[in-house]
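Student: Numbering-wise (my numbering), the sequence shown opens with residue 360 and increments by one.
We put the beta carbon where it would ideally sit given N, CA and C, even for glycine.
This structure is in C-alpha cells; I'll ask about it shortly.
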Amino acid sequence: MSKKRAAGFTLIEIMLVLVLLATSSVAVMMTLPESKEDKAKDEAARFYHLIQLLGEDALLNGYDYGIRVEPNSYQFLELTGKEWKPVSGSRYFTEVKMDEGIRLDVEIGSYSWQDKDRLFKPGSLFNEDLFAEQTDKDKIKPPQVFVMASGEFTPFTLTFEADGEEHYWRVQADEVGLLHLLPPGETIESLSERESQ
C-alpha cells in the first residue's frame, strides 16, 4: 500500500515566507524618499531647536550672534569686534544648506506689525548692491536675524516652503522673544488658544 503524501505547505513554511515578505517590505519602505512636506517639517524643527540653543549660548556666554538667511541656506554668524564672522569651533552652528526642493523666506518684524495698511514697504530705500565697493564682494553679508547676549531675538518669521506644496512650516519669534514652531495653517494666536483650552 502506498502512502500518499499530503499536498500543501506546512505551517512553518508559510510563516517563514511571511517573515521574509515582512522583512523585505520594511527594507523597501526605509529606502523610499520622504515627501517634500516632511523634509520641510524636519528642517523647520531643526532650525527651531538650533536657534533655541543659540539663544541659550548667547545668554550663558555673553556673545551676540546673527543668522544670515539665503533662499537655499542659512548661516550662523558671531560678532567679533566690528564685523560678522561665521561661528567657529562649533559643530552645531555651521552653514546649513537645504535639500533640493526646500526654499527659505525670512520676514523681519513682528507679526503684529505685518499689516497691509503700511504707508511704506519695509526694507532699504536704495539698491544697496549699487553702492557696494568692489572689495566688499568677499565680505560676509550681515545677518538679518540677531540673537543678543541678553537672550533676545529680532522678531522674525522664517518660512520653510517645499516645491509643489501649498502648505509650509514656519519658525516665528514674537515681540517678547518667544520662539514658535508653527505647522501649516497655524498662527501664534490659534496655537495659544488651543494650548489654553
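Hey, could you find the ends of the alpha helix (DSSP H) LEU375 is sitting in?
Tutor: Residue mapping note: residue 375 aligns to position 16 of the sequence shown, counting from 1. Segment 370-390, the alpha helix (DSSP H) holding LEU375.
Student: With distance defined between alpha-carbon atoms, name the residue in THR518, GLY536, ALA508 nearest to GLY544.
Tutor: Against the sequence shown, residue 544 aligns to sequence position 185. It is THR518 whose Cα lies nearest to the Cα of GLY544.
Student: Is the separation between the beta-carbon of ILE461 and that of GLU525 shorter than 8 Å?
Tutor: For the purposes of this step, residue 461 is taken as residue 102 along the sequence shown, with counting starting at 1. For the purposes of this step, residue 525 is taken as residue 166 along the sequence shown, with counting starting at 1. It is not a contact, given that the beta carbons lie outside the stated cut-off.
Student: Are there 16 or more other CB atoms within 10 angstroms of the CB of GLU437, so buried, or fewer, so exposed?
Tutor: The residue labelled residue 437 in the question sits at position 78 within the sequence shown. The residue in question, GLU437, is buried, as its Cβ has 16 or more Cβ neighbours within 10 Å.
Student: Measuring only from the beta carbon, is GLU524 closer than 7 Å to any heavy atom that is part of the ligand HEM?
Tutor: You won't find the ligand HEM in this model; it holds no ligand whatsoever.
Student: Out of GLY440, GLU520, ILE547, ALA521, point me to the one whose CA is closest to ASP533's CA.
Tutor: Numbered from 1 along the sequence shown, position 174 holds the residue referred to as residue 533. Out of GLY440, GLU520, ILE547, ALA521, ILE547 has the C-alpha closest to the C-alpha of ASP533.
Student: Taking the C-alpha atoms as reference points, what is the distance between GLU520 and GLU429?
Tutor: Working through the sequence shown from its first residue, we reach residue 520 at position 161. Working through the sequence shown from its first residue, we reach residue 429 at position 70. In a straight line, the C-alpha of GLU520 is about 13 Å away from that of GLU429.
Student: Is the Cβ-Cβ distance between LEU418 and PHE435 less than 8 Å?
Tutor: Translated into positions along the sequence shown, residue 418 becomes position 59. Translated into positions along the sequence shown, residue 435 becomes position 76. No, these two residues do not count as a Cβ contact at 8 Å.
Student: Name the one or two DSSP bridge partners that GLY426 has.
Tutor: Residue mapping note: residue 426 aligns to position 67 of the sequence shown, counting from 1. Sequence check: residue 426 is Ile here, not Gly. Paired residues: PHE435, VAL504.
Student: Quick one: give me the first and last residue of the beta strand (DSSP E) that ILE547 is part of.
Tutor: For the purposes of this step, residue 547 is identified with residue 188 of the sequence shown, where counting begins at 1. Looking at the DSSP string, ILE547 is not in any beta strand (DSSP E); the run it does join, the alpha helix (DSSP H), is 547-555.
Student: Tell me the rounded alpha-carbon separation between ASP474 and GLY536.
Tutor: Along the sequence shown, read from residue 1 onward, the residue named residue 474 stands at position 115. Along the sequence shown, read from residue 1 onward, the residue named residue 536 stands at position 177. Interpretation of ASP474 is limited by its pLDDT of 48, a score under 50 that renders its predicted location unreliable; no figure is taken from the coordinates.
Student: Taking the continuous beta strand (DSSP E) assigned at PRO445, which residues delimit it?
Tutor: Position 86 of the sequence shown, counting from 1, holds the residue named residue 445. From DSSP, the beta strand (DSSP E) with PRO445 extends over 442-445.
Student: Taking all protein chains shown into account, decide if VAL504 is buried (16 or more other Cβ within 10 angstroms of its Cβ) or exposed.
Tutor: Here residue 504 refers to the residue found at position 145 when the sequence shown is read from its first residue. It counts as buried.
Student: On the DSSP bridge list, what partners appear for ARG529?
Tutor: Here residue 529 is taken as the residue at index 170 of the sequence shown, counted from 1. Note: ARG529 sits in a beta bridge opposite THR518, LEU541.
Student: Can you give me the C-alpha to C-alpha distance between PRO514 and THR390, rounded to a whole angstrom?
Tutor: Taking the sequence shown and counting its residues from 1, one reaches residue 514 at position 155. Taking the sequence shown and counting its residues from 1, one reaches residue 390 at position 31. So the two alpha carbons sit approximately 39 Å from each other.
Student: Buried or exposed for THR439, going by 16 or more other Cβ atoms inside 10 Å?
Tutor: Looking up residue 439 in the sequence shown gives position 80. Classification of THR439: exposed, given that the 10 Å Cβ count is below 16.
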